[in-house]
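Colleague: Protein chains in written order, with the working numbering: chain A, 1 to 266; chain B, 1001 to 1260.
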């Protein structure tokens, strides 16, 4: 590489956050101007500034924090259950060739079943209790994790595995020393995918079934005509999504840094 | 030898599903539980529940809305994604805003769109599906266009390829990423197809299933759940078929790269 592209990309990199901020400000300005100029009825889309002031008001309301807590709790619990179940099942199925061959078609069939198909069933069994959301979240997130773990276990270098076997490593040592490090990057990818899917299903369950949380608050605000509050809560949910994506990516970077540093030395 | 292998593979592939279905059949056979009717009852309820009128007025309109919304998202997402991905400045400008829009869980689109248009017609549902499917396709298209081989791009420029040829090159290069986005969008589309029908008085596959649940028509509800599951499997199979054909060159390239 010549030195020529370096200053160019550097200057762009320096400008990038500024430009991104400009884009966000521009989007906010559009949302401010559209209703104020009368192009869009402000009954449907209130100006951005009133969304923000409503959001600030929400921050002082106890109900808002209770709803946010409910959403976060359901999301975290469902994600944790799905991760543990997915990793245990994935390592078990993936490391036993017979199990893997026999279950492949079943997994391929069950995975694309949309978890919203289970909504009527969980409504009948749990009503609008948090368990309804939990079932949907776990079902949706589990497959994301399981499939990634299976890929990861399949990626183990045969030479390394055979070496470990020749040295008569015990099964648990093979899992800890050979399987786990290879599968870890895949597991983290599964975690990232599962984290955002889990949030989608948690909000869905709140919105549709009425499980307590931000989704239900949005539904209530919309049907009672509190338009500004609806938008304020949608912004909160969006920021929550950004936070989930960003923290999942941070976790991923941490794990992958270790991984690539090892591979870099090889 | 391959022929001798075939029955074995069939047994391996079909063995567990058959065992599970038989197990479900046997365990539920004498079930008197209200929520878990015998599988035989569900199977008997299936043809009468999903023939004639419901197919015409529930299943087909749902699928038509899904197709329309998905195709709109695909075209708009690829077009906008190609434009944004081709210009570094535009990309830097849009990226945080797009990241935010993508992070908004798509189901909350339903109440927002309901504010504008009410939620009885087909249009609002198609808009919901299209908006939900748009972001994964768009962001992956941006990423795909961005990661096209520098050399390929420069070669195209040196040979002074025309606009059309360059565009074809860019779309081809970005297509593996676009396919990834399109696959994510498909499962979001199915979710939104169902959710969008649960608001207000509606017809459609999702609406019908909830109607059964509210009327405590449990075997019928189960047939709906099974139908929705089969639909999800069929759509992902169809997607894989299309992907397999259109991205055959990409698989070949990857295999060549690995030296396999």
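Don't be surprised by glycine CBs; every beta carbon is placed ideally from N, CA and C.
Being a predicted model, the structure only gives us computed values, none of them experimental.
Of the residues that make up the segment 1110-1126 of chain B, which ones have a beta carbon closer than 8 Å to any beta carbon in chain A?
Modeller: Listed by position along the chain: 1110, 1111, 1112, 1114, 1115 and 1116.
Colleague: For a cutoff of 7 Å on Cβ pairs, would you count residue 236 of chain A as touching chain B?
Modeller: Answer no: the Cβ-Cβ gap between residue 236 of chain A and chain B never drops below 7 Å.
Colleague: Buried or exposed: which applies to residue 166 of chain A, given that a residue is buried once 16 or more other Cβ atoms fall within 10 Å of its Cβ?
Modeller: Residue 166 of chain A comes out exposed.
Colleague: Residue 114 of chain A and residue 1191 of chain B - do their beta-carbons sit closer together than 7 Å?
Modeller: It is a contact, given that the beta carbons lie within the stated cut-off.
Colleague: Please name the residue, chosen from A/181, A/197 and A/62, that lies closest to residue 83 of chain A on a Cα-to-Cα basis.
Modeller: Checking every option, the nearest Cα to that of residue 83 of chain A belongs to A/197.
Colleague: How about residue 23 of chain A and residue 1093 of chain B: do their beta carbons lie closer than 7 Å?
Modeller: The answer is yes: Cβ separation under 7 Å.
Colleague: Rounded to the nearest angstrom, what separates residue 1247 of chain B and residue 1174 of chain B at their Cα positions?
Modeller: Cα to Cα, the separation comes out at about 11 Å.
Colleague: So the candidates are B/1249, B/1023, B/1059 and B/1198; which of them puts its Cα closest to the Cα of residue 1268 of chain B?
Modeller: Past the boundaries of the shown model lies residue 1268 of chain B; chain B is included only from 1001 to 1260, so the question cannot be answered.
Colleague: Taking Cβ-Cβ distances below 9 Å as the criterion, which residues of the segment 1201-1217 of chain B are in contact with chain A?
Modeller: Listed in sequence order: 1206, 1209, 1210, 1212, 1213, 1214 and 1216.
Colleague: Check whether chain B comes within 7 Å of residue 77 of chain A, counting only Cβ atoms and requiring the distance to be less than that.
Modeller: Chain B contact via Cβ: absent.
Colleague: I'd like to know if the segment 86-95 of chain A and the segment 209-219 of chain A are in contact, where contact means that at least 3 CB-CB pairs between them fall below 8 Å.
Modeller: Touching, no.
Colleague: Rounding to the nearest angstrom, what Cα-Cα distance links residue 264 of chain A and residue 254 of chain A in this structure?
Modeller: With a pLDDT of 48 at residue 264 of chain A, under the threshold of 50, the predicted position of this residue should be treated as unreliable, though the coordinate-derived value follows. Between residue 264 of chain A and residue 254 of chain A, the C-alpha separation is close to 15 Å.
Colleague: Closer than 8 Å is the cut-off here; do at least three beta carbon pairs connect the segment 1157-1176 of chain B with the segment 1197-1208 of chain B?
Modeller: Result no; under three Cβ-Cβ pairs closer than 8 Å.
Colleague: Do the segment 221-239 of chain A and the segment 130-142 of chain A make contact, defined as three or more Cβ pairs closer than 8 Å?
Modeller: Contact between the segment 221-239 of chain A and the segment 130-142 of chain A is absent, because fewer than three Cβ pairs lie under 8 Å.
Colleague: Among A/59, A/179 and A/46, which one has its Cα closest to the Cα of residue 1115 of chain B?
Modeller: Nearest of A/59, A/179 and A/46 to residue 1115 of chain B, Cα basis: A/46.
Colleague: Along the chain, which unbroken stretches of the alpha helix (DSSP H) at least 4 residues long are found entirely within the segment 102-132 of chain A?
Modeller: Entirely contained in the segment 102-132 of chain A, the alpha helix (DSSP H) runs reaching 4 residues are, in chain order, 119-126.
Colleague: Check whether the segment 1133-1147 of chain B and the segment 1178-1194 of chain B touch, using three or more Cβ-Cβ pairs below 8 Å as the test.
Modeller: In short, these stretches touch, since the Cβ pair count reaches three.
Colleague: Would a check of beta-carbon distances place residue 131 of chain A closer than 7 Å to chain B?
Modeller: For residue 131 of chain A, the answer is no, since every Cβ of chain B falls outside 7 Å of its Cβ.
Colleague: Please classify residue 17 of chain A: is it buried, with 16 or more other beta-carbons within 10 angstroms of its beta-carbon, or exposed?
Modeller: Residue 17 of chain A is exposed by the Cβ-count criterion.
Colleague: For the segment 27-46 of chain A, enumerate the residues whose C-beta is nearer than 7 Å to any C-beta of chain B, in chain order.
Modeller: So the close ones are 27 and 44.
Colleague: Can you find a C-beta in chain A that's less than 7 Å from the C-beta of residue 1263 of chain B?
Modeller: As displayed, chain B neither begins before 1001 nor continues past 1260, which places residue 1263 of chain B out of reach and without an answer.
Colleague: Verify whether the separation of the beta carbon atoms of residue 1124 of chain B and residue 1113 of chain B is less than 7 Å.
Modeller: Taking 7 Å as the Cβ cut-off, residue 1124 of chain B and residue 1113 of chain B qualify as a contacting pair.
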